[in-house]
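Its first residue numbered 28, the sequence shown is counted upward by one per residue in this note's numbering. Positions of the beta carbon are idealized from the N, C-alpha and C atoms, including for glycine.
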Amino acid sequence: MSEKIIHLLDTRTAARTAAVVPDLAIPATGRLDDTRGRAVRDLRISVTDRCNFRCVYCMPKSVFDKDYPYLARAELLSFEEIERIATLFVAHGVNKLRITGGEPLLRKNIEQLIERLARLPVEITLTTNGTLLPQKARALRDAGLTRVTVSLDAMDDDTFRRMNDVDFPVSQVLEGIDAAHAAGLMPIKVNMVVKRDTNDHAIVPMARHFKGSGHIVRFIEFMDVGSSNGWKMDEVLPSADVIARIHADMPLEPIGANYPGEVAQRWRHVDGSGEIGVISSVTQAFCSSCTRVRLSTEGKIYTCLFATEGHDLRALLRAGRSDADITSAIGAIWQARGDRYSEIRTADTAARRKIEMSYIGG
Ligand code: SAM
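What follows is the structure in structure tokens.
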């Protein structure tokens, strides 16, 4: 087995052995605070660790090749298990679910999961690379999906094909966006990860293309998630530069957040033709208002995107533990949370063995 795979398995084993779930009686009261007074509001659910893209900043081909040890089918949480965990999180105050991965539309019958989750009093969104939206948008909407976020890293084919590294053209992602629009999954957010000297020339064309469309482009700083994307601070283009470049071409003005803890900072075109957002996890950390928790493909809870360890809820589910026990475990995990990785990031922390984004969910 290659050293690379042993390293990745090591990372997973670390997560497995960290499955210490305290046995305290913590009932669900609809408001659960961590050690920094942050409530849990937003549950991100990864439904697969597989993807049909090999984006250079997320699942580089050199690591995610044919020998990569993806999770086996039996290791994945079933839809019943996901629904049960989501229900217990909602009782603790979660009001938004985001389905992600990997590429979530690769998970067979994903619309059946959406249908189950849509019975809960929450908003349900999904992040996708858009490739399967032409076939699936209508069924997702009918199942109860509220909105989609589509990732697209450039408007020109050369750059986009280089970023996704599977030779996928821009036009087919645009077809996916159109299909989502036609199905009523609105407003659509379009995520562009910005890597300096790789796709930063695509910022202004991207903003120009979607201006007036009703869709909201969000420019994301390249982050040091996982351990395989070779992250370097030099490759991060600060969001302030993104705004300055767009503003020089199409005047912008800042607008307030839609709700407390919103990840993106919002800006609108001064001529009233729409808005854009920037997500500045590296240069302007927003840990102090982070209300997000992540459920990995195999049922571990991660209280930070940059975590090195998770808490194994699947073990509790499959051991036949009661809802009260699992509710209590979730409460104990969140109450012990003190994460603020982006506030303490250094070159040293960036080199830690963190969980891959494709596994923990974007
Ligand atoms: N496959 C889906 C997609 O393409 O949107 C969902 C999973 S993907 C991991 C979720 C989001 O994370 C995407 O918008 C992707 O661009 C973003 N992402 C992945 N790696 C990133 C990194 N290193 N820095 C910033 N954003 C990243």
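Examine the ligand SAM and report whether any of its heavy atoms sits within less than 7 Å of the Cβ of Glu130.
For the purposes of this step, residue 130 is identified with residue 103 of the sequence shown, where counting begins at 1. Yes, the beta carbon of Glu130 sits closer than 7 Å to at least one heavy atom of the ligand SAM.
If we count Cβ pairs, one from each stretch, closer than 8 Å, do we get three or more for the stretch 217-232 versus the stretch 167-177?
Touching, per the Cβ criterion.
Quick check: does the Cβ of Ser178 come within less than 7 Å of any heavy atom belonging to the ligand SAM?
For the purposes of this step, residue 178 is taken as the residue at position 151 of the sequence shown. Ser178 Cβ: within cutoff of the ligand SAM.
Taking 7 Å as the cut-off, is the C-beta of Ser385 nearer than that to any heavy atom in the ligand SAM?
Position 358 of the sequence shown, counted from the first residue, corresponds to residue 385. The answer is yes for Ser385.
Residue interval of the alpha helix (DSSP H) (run including Ile386)
Taking the sequence shown and counting its residues from 1, one reaches residue 386 at position 359. Sequence check: residue 386 is Tyr here, not Ile. Tyr386 -> alpha helix (DSSP H) spans 384-387.
Does the beta-carbon of Tyr368, which I'm using as the reference point, lie nearer than 7 Å to any heavy atom of the ligand SAM?
Position 341 of the sequence shown holds residue 368. No.
Say the cut is 7 Å; is the CB of Asn226 nearer than that to a heavy atom of the ligand SAM?
Sequence index remark: in the sequence shown, residue 226 carries index 199 (1-based). No.
With a threshold of 7 Å, establish whether the CB of Val252 neighbours any heavy atom of the ligand SAM.
Your numbering for residue 252 matches position 225 in the sequence shown. Yes, since a heavy atom of the ligand SAM falls inside the 7 Å radius drawn around the Cβ of Val252.
Who does Met182 pair with in a DSSP beta bridge?
For the purposes of this step, residue 182 is identified with residue 155 of the sequence shown, where counting begins at 1. BP columns for Met182 are empty, so no partner.
Using three-state DSSP, classify Ser73 as helix, strand or coil.
Taking the sequence shown and counting its residues from 1, the one referred to as residue 73 is at position 46. Look at Ser73 here: in three-state DSSP terms it is strand.
Inter-residue Cα distance where the pair is Pro265 and Pro278
Taking the sequence shown and counting its residues from 1, one reaches residue 265 at position 238. Taking the sequence shown and counting its residues from 1, one reaches residue 278 at position 251. When rounded, the distance between both Cα atoms is 18 Å.
For Ile273 and Val83, what's the separation of their Cα atoms in angstroms?
On the sequence shown, position 246 is the one that residue 273 refers to. On the sequence shown, position 56 is the one that residue 83 refers to. Computed Cα separation, rounded: 25 Å.
In chain order, each alpha helix (DSSP H) run of at least 4 residues that lies wholly inside the stretch 133-202:
Counting only runs of 4 or more, we get 137-144, 160-170, 184-191.
For Asp261, which option in Ala234, Ala334, Phe237, Lys222 has the closest C-alpha, if you only look at C-alpha atoms?
Here the question's residue 261 lines up with position 234 in the sequence shown. It is Lys222.
Per DSSP, Thr281 is paired with what?
Taking the sequence shown and counting its residues from 1, one reaches residue 281 at position 254. The sequence shown places Pro at residue 281, not Thr. BP columns for Pro281 point to Trp294.
Just how far apart, CA to CA, sit Val47 and Ile151?
For the purposes of this step, residue 47 is identified with residue 20 of the sequence shown, where counting begins at 1. For the purposes of this step, residue 151 is identified with residue 124 of the sequence shown, where counting begins at 1. Model confidence at Val47 stands at a pLDDT of 44, short of 50, so the residue's coordinates are unreliable and nothing is read from them.
Does any heavy atom of the ligand SAM sit closer than 7 Å to the C-beta of Asn256?
Sequence index remark: in the sequence shown, residue 256 carries index 229 (1-based). Checking the Cβ of Asn256 against the ligand SAM gives yes.
According to DSSP, residues forming a beta bridge with Ile390:
No statement about residue 390 is possible, as the shown extent of the chain runs from 28 to 389 and does not include it.
Gly389: beta carbon under 7 Å from a heavy atom of the ligand SAM?
For the purposes of this step, residue 389 is identified with residue 362 of the sequence shown, where counting begins at 1. Yes, the ligand SAM has a heavy atom inside 7 Å of this Cβ.
What number of angstroms, rounded off, separates the C-alpha of Arg345 from the C-alpha of Ala52?
As a position in the sequence shown, residue 345 is number 318, starting the count at 1. As a position in the sequence shown, residue 52 is number 25, starting the count at 1. Distance between the alpha carbons of Arg345 and Ala52: 20 Å.
How is Ile126 classed by DSSP in three states: helix, strand or coil?
Taking the first residue of the sequence shown as position 1, residue 126 is located at position 99. In this structure, Ile126 counts as strand in the three-state DSSP scheme.
Can Gly241 and Val200 be called in contact, C-beta distance under 8 Å?
To locate residue 241, count along the sequence shown from 1; it is residue 214. To locate residue 200, count along the sequence shown from 1; it is residue 173. No, they are not a contact pair.
If you drop the 5 nearest sequence neighbours on each side, which residues of the same chain put their C-beta closer than 8 Å to that of Asn191?
Within the sequence shown, residue 191 is the residue found at index 164, counting from 1. Apart from the 5 residues on each side of it in sequence, Asn191 sits with its Cβ closer than 8 Å to the Cβ of Phe80, Arg81, Cys82, Asn156, Asp180 in its chain, given in chain order.
Taking its Cβ as the centre, do 16 or more other Cβ atoms sit within 10 Å of Ser385, making it buried, or is it exposed?
Residue mapping note: residue 385 aligns to position 358 of the sequence shown, counting from 1. Buried, because 16 or more other Cβ atoms sit within 10 Å of the Cβ of Ser385.
If you drop the 5 nearest sequence neighbours on each side, which residues of the same chain put their C-beta closer than 8 Å to that of Ala164?
Sequence index remark: in the sequence shown, residue 164 carries index 137 (1-based). Around Ala164: Val175, Gly203, Ala206, Ala207, Ala209, Ala210, Leu212.
Could you check if Val249 belongs to the surroundings of the ligand SAM, using beta carbon to heavy atom distance under 7 Å?
Here the question's residue 249 lines up with position 222 in the sequence shown. What sits at residue 249 in the sequence shown is Phe, not Val. Phe249: yes, Cβ under 7 Å from the ligand SAM.
Of the residues Ser315, Glu325, Arg321, Ala267, which one's Cα is nearest the Cα of Cys331?
Mapped onto the sequence shown, residue 331 falls at position 304. Of the residues Ser315, Glu325, Arg321, Ala267, the one whose Cα lies closest to the Cα of Cys331 is Arg321.
Compute the minimum distance between the beta carbon of Cys314 and the heavy atoms of the ligand SAM, and state whether it is under 7 Å.
Stepping through the sequence shown from its first residue, residue 314 is reached at position 287. Outside the cutoff, so no.
Give me whichever residues DSSP pairs with His8 in a beta bridge.
In this structure the chain extends from 28 to 389, so residue 8 is not present and cannot be described.
Helix, strand or coil: how does DSSP classify Asp61 here?
Numbered from 1 along the sequence shown, position 34 holds the residue referred to as residue 61. Secondary structure of Asp61 (DSSP, three-state): coil.
Look up Val305 in the DSSP assignment and say whether it is helix, strand or coil.
As a working mapping, residue 305 is identified with position 278 in the sequence shown. Residue state, collapsed to three classes: strand.
If you follow the beta strand (DSSP E) that Arg272 is in, where does it begin and where does it stop?
Working through the sequence shown from its first residue, we reach residue 272 at position 245. Looking at the DSSP string, Arg272 is not in any beta strand (DSSP E); the run it does join, the alpha helix (DSSP H), is 266-276.
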